[in-house]
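K.L.:
Please read through the structure below; I'll follow up with questions.
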Amino acid sequence: MNETEIRKFMKKITTLMYVSFALWVFIVVLQLFIGLATLVVGYGIATLCLMVYNLIGCIRYMKIINTFKHYSTKPEAAAAVSYFENSIGVCWLFMFINLVLGGIIGFVGNLYDLILAYYVRSKKMDLLMPSGVPGEIEVPNPRDYE
Numbered sequence: 000m001n002e003t004e005i006r007k008f009m010k011k012i013t014t015l016m017y018v019s020f021a022l023w024v025f026i027v028v029l030q031l032f033i034g035l036a037t038l039v040v041g042y043g044i045a046t047l048c049l050m051v052y053n054l055i056g057c058i059r060y061m062k063i064i065n066t067f068k069h070y071s072t073k074p075e076a077a078a079a080v081s082y083f084e085n086s087i088g089v090c091w092l093f094m095f096i097n098l099v100l101g102g103i104i105g106f107v108g109n110l111y112d113l114i115l116a117y118y119v120r121s122k123k124m125d126l127l128m129p130s131g132v133p134g135e136i137e138v139p140n141p142r143d144y145e
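When we follow numbering that gives the first Met the number 0, the leftmost residue of the sequence shown carries the number 0, and every step to the right adds one.
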């Protein structure tokens, strides 16, 4: 992919990330209402703590989205691919935790994030292949560009 194609792909990815962000904001709002409604029982305190954790995650995720939005080079694309590849294990872990604890909406949110991570991972070769040299793969170290 050249810089224009990478820029288009990153725009598509950030659009999909905005959907994920909206889903997690919806989860945070639900957790707020459920936490306040069940505060007397004691379950509400745990729900409100999870809400704060998810809210912090949403804020961090928005910063990542704003960063990815401007990516257009192969090293930057490699950093984005690395981010998504590193998130796969965490997505699986929290999907399992949500499934066991009955957090169906959290499970759906993690499932969406997992599908997005695998989608980006499936485009890794196209993103990192040098333009004009088929078969040769250039994989820079994303930490060099942070």
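Just so you know, even glycine gets a beta-carbon here, dropped at the ideal spot from N, CA and C.
Between which residues of its own chain and residue 32 is the CB-CB distance below 8 Å, once the five residues before and five after are set aside?
P.N.:
none
K.L.:
Leaving out the 5 sequence neighbours to the left and right, which residues in its chain are closer than 7 Å to residue 106 when beta-carbon positions are compared?
P.N.:
94, 97, 98
K.L.:
Run through DSSP, which three-state label would residue 71 get?
P.N.:
Of the three classes helix, strand and coil, the one that applies to residue 71 here is coil, per DSSP.
K.L.:
To test your reading of the DSSP string, which unbroken alpha helix (DSSP H) runs of 4 or more residues are found completely within the stretch 37-101?
P.N.:
42-67, 73-100
K.L.:
Considering only C-alpha positions, which residue in the set 100, 112, 72 is nearest to residue 5?
P.N.:
72
K.L.:
Run through DSSP, which three-state label would residue 11 get?
P.N.:
helix
K.L.:
Give the DSSP-derived three-state secondary structure of residue 128 in the structure shown.
P.N.:
The three-state reading of DSSP puts residue 128 in coil, since its state is none of H, G, I, E or B.
K.L.:
If you draw a straight line from the alpha carbon of residue 81 to that of residue 70, how long is it in whole angstroms?
P.N.:
Computed Cα separation, rounded: 14 Å.
K.L.:
Write down the C-beta distance between residue 79 and residue 127 rounded to the nearest angstrom, noting that I regard them as a contact closer than 8 Å.
P.N.:
Actually they do not touch by this definition, with Cβ atoms about 11 Å apart.
K.L.:
Can you give me the Cβ contacts of residue 24 inside the same chain, cut-off strictly under 7 Å, excluding the 5 residues immediately before and after it?
P.N.:
57.
K.L.:
Counting only the same chain and skipping the five closest in sequence on each side, list residues whose C-beta sits under 7 Å from that of residue 132.
P.N.:
Its pLDDT being 49, under 50, residue 132 is placed unreliably by the model, and the measurement read from it follows with that caveat. So no residue of the chain qualifies.
K.L.:
Please classify residue 123: does DSSP put it in a helix, a strand, or coil?
P.N.:
Residue 123 falls in the helix class under three-state DSSP.
K.L.:
With distances taken Cα to Cα, identify the nearest neighbour of residue 62 among 20, 102, 118, 52.
P.N.:
20
K.L.:
I think residue 3 touches residue 64, with their Cβ atoms under 8 Å apart; what is that distance to the nearest whole Å?
P.N.:
Wrong, their Cβ atoms sit about 20 Å apart, outside the cutoff.
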